[in-house]
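Trainee: Take the sequence shown: its letter number 117 is residue 127 in my numbering, and every next letter is one higher. We put the CB at the ideal spot given by N, CA and C, even for glycine. Treat the numbers as computed from the prediction; the structure is a model and nothing was measured.
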Amino acid sequence: MPRSKPPAVSRAYRCQCGRPIFLRNTQCVNCGSQLGYDIERLTMVALRPGAAPELWHRVADATAASSGGDDNYWCCINRQSASACNWLIKANPQLASPVQPQRMICLSCSLTRGMFDITKARNQHYWRQLEGAKRRLLSQLLALRLPVQPKSESDDGVVFDMLEVTADGKPVMTGHHNGVITLNVAEADDVHRETIRASMHEPYRTLLGHFRHEIGHYYWDRLVRDEPARLADFRALFGDERQDYAKALERHYRQGPPVDWPVHYLTSYASTHPWEDWAETWAHYLHITDTIDTAASFGIDANQADTESEPFDARFLWRPDLSTAGDFLNLLNDWVRLTQVMNELTRSMGQTDCYPFVLPYRVVGKLQFIHEIVLSQRLRHEAPDAALDALPA
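#1: Are at least three pairs of beta-carbons, each pair with one atom in the region 337–344 and one in the region 315–325, less than 8 Å apart?
#2: Rounded to whole angstroms, what's the CA-CA distance from Ser20 to Thr53? Just pull it up for me.
#3: State the Cα-Cα distance for the pair Arg405 and Leu154, rounded to the nearest angstrom.
#4: In angstroms with no decimal places, state the Cα-to-Cα distance between Arg264 and Ser162.
#5: Let me check understanding here. Comparing Cα to Cα, which of Gly185, Ala143, Pro157 and Leu140 lies closest to Ala289?
#6: Span of the beta strand (DSSP E) holding Cys171?
#7: When we look at the beta-carbon of Lys257 and count the other beta-carbons within 10 Å, is it buried (16 or more) or exposed?
#8: As a quick exercise: from His67, Ile49, Arg329 and Ile298, pick the residue whose alpha carbon is nearest that of Phe244.
#9: Taking the alpha-carbon positions, what's the Glu286 to Ala280 distance?
#10: State the start and end residues of the unbroken alpha helix (DSSP H) segment that holds Lys9.
#11: Which stretch, first to last residue, makes up the beta strand (DSSP E) that contains Tyr47?
#12: Helix, strand or coil: which one does DSSP assign to Thr317?
#13: Which term fits Arg132, buried or exposed, when burial requires 16 or more other beta carbons within 10 angstroms of its beta carbon?
#14: Pop quiz: Phe248 and Leu173 are said to be a contact at Cβ under 8 Å. What is the actual Cβ separation, rounded to whole angstroms?
#15: Would you mind reading off the limits of the alpha helix (DSSP H) that contains Tyr263?
#16: Pull up the DSSP beta-bridge partners for Arg24, would you.
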């Protein structure tokens with residue numbers, strides 16, 4: 011897939027033996043090596059036991075031979091749990107073992123606060139599904155250089171409460187408030203989730219989609235709310251978020267979306283309120299970039315497919331004058347071609363469309379706005395001195 015820049019994060023991994031491995035793996039099925047995810051390298055690594063208890067060393071592979079393979083890790087304490095966490099923690103080799111058990115909790119698991127009853131057999135399966143989706147989300151956020159901090163360490167941080175309806179019947183609402191993201195554990199039940207999807211006439215409902223939507227609300231607070239210039243641009247594109255949210259939500263569920271919502275929004279729910287439009291568009295931006303990165307990582311070139319569509323051009327952009335506008339249009343047009351192929355593939359298996367959405371022209375500018383915010387965060391991380399000059403005025 012011709013792109014002006016490489017993937018933000020490669021989704022194609024190989025063990026030290028050369029065989030393919032995947033983001034969720036804890037052991038190579040070919041050579042038996044233990045595997046883990048290094049959040050600094052943003053890749054899967056093969057491990058060998060260290061000299062000290064609980065200590066592991068990275069085994070250098072063909073793609074990292076020059077780095078010596080001398081990194082030291084502890085495995086997350088939840089590796090042996092039902093959640094099957096394979097994330098790693100950088101270790102101090104001078105210590106025989108972690109001084110405190112909490113030091114063996116990885117970044118992803120440290121972001122989970124409220125928990126449901128994991129002693130129930132079915133809940134152990136749900137735990138694995140929820141944490142797997144969260145790790146997928148976080149690995150992308152880290153690659154995009156977006157801020158990922160535990161709320162226990164910073165008021166600006168984020169935390170996840172994974173809760174279930176208790177015996178007293180108190181409902182659990184999936185949502186976000188002030189850095190706290192609440193997920194209803196029932197969403198990990200495929201039957202329940204599909205029932206809700208059908209009853210609400212949604213074309214798509216997944217755990218990863220929930221995580222990406224709710225983290226969008228968090229990043230609006232973190233990256234837009236307190237930035238006057240960005241906030242003004244947000245209101246020009248998405249609308250004024252100061253309108254009453256509760257009333258907007260009540261109106262949406264009572265009256266339904268406006269008849270012309272497909273012209274203005276990615277989903278009917280996005281028409282509810284500017285905050286929901288932002289969160290839905292943010293989630294789709296993450297869908298787009300992660301899938302494009304995955305395709306590019308495996309050498310998939312959608313441009314070789316016999317598809318035809320009218321490409322998006324500069325007329326539909328928020329800021330066609332930006333130096334990054336061309337790259338963004340390439341990304342979006344690559345996405346349209348790729349989804350045509352993906353949807354035909356899933357139809358060939360008798361499944362629903364992989365991406366059952368149409369990108370309206372009026373959403374292109376919103377996606378570009380989010381794209382520029384994400385790029386600015388990455389630029390701040392990689393070249394902080396140059397970032398200020400590169401930000402759109």
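Mentor: A quick look at the data gives this:
#1: yes
#2: In the sequence shown, the residue the question calls residue 20 occupies position 10. In the sequence shown, the residue the question calls residue 53 occupies position 43. Distance between the alpha carbons of Ser20 and Thr53: 8 Å.
#3: Given a span of 11 to 403 for the chain in the structure shown, any question on residue 405 remains unanswerable.
#4: For the purposes of this step, residue 264 is taken as the residue at position 254 of the sequence shown. For the purposes of this step, residue 162 is taken as the residue at position 152 of the sequence shown. Their backbone Cα atoms lie some 39 Å apart in a straight line.
#5: To locate residue 289, count along the sequence shown from 1; it is residue 279. Here the closest residue by C-alpha is Gly185.
#6: Numbered from 1 along the sequence shown, position 161 holds the residue referred to as residue 171. At residue 171 the sequence reads Asp, which differs from the Cys that was named. Per DSSP, Asp171 belongs to the beta strand (DSSP E) from Val169 to Leu173.
#7: Mapped onto the sequence shown, residue 257 falls at position 247. Result: exposed.
#8: Here residue 244 is taken as the residue at index 234 of the sequence shown, counted from 1. Of the candidates His67, Ile49, Arg329 and Ile298, the one whose C-alpha sits nearest the C-alpha of Phe244 is Arg329.
#9: Translated into the one-based positions of the sequence shown, residue 286 becomes position 276. Translated into the one-based positions of the sequence shown, residue 280 becomes position 270. Going from the Cα of Glu286 to the Cα of Ala280 covers about 5 Å.
#10: This structure cannot speak to residue 9, because the chain is shown only from 11 to 403.
#11: Counting from 1 along the sequence shown, the entry for residue 47 is found at position 37. Where Tyr47 is concerned, the enclosing beta strand (DSSP E) starts and stops at Gln44 to Asp48.
#12: Start at 1 with the first residue of the sequence shown, and residue 317 comes out as number 307. DSSP places Thr317 in coil when its eight states are reduced to three.
#13: Counting from one through the sequence shown, the residue named residue 132 turns up at place 122. With fewer than 16 Cβ atoms within 10 Å of its Cβ, Arg132 is classed as exposed.
#14: As a working mapping, residue 248 is identified with position 238 in the sequence shown. As a working mapping, residue 173 is identified with position 163 in the sequence shown. Contact flag wrong, Cβ pair sits at about 29 Å.
#15: Numbered from 1 along the sequence shown, position 253 holds the residue referred to as residue 263. Element bounds for Tyr263: Tyr255 to Gln265.
#16: In the sequence shown, residue 24 corresponds to position 14, counting from 1. According to DSSP, Arg24 bridges with Pro30.
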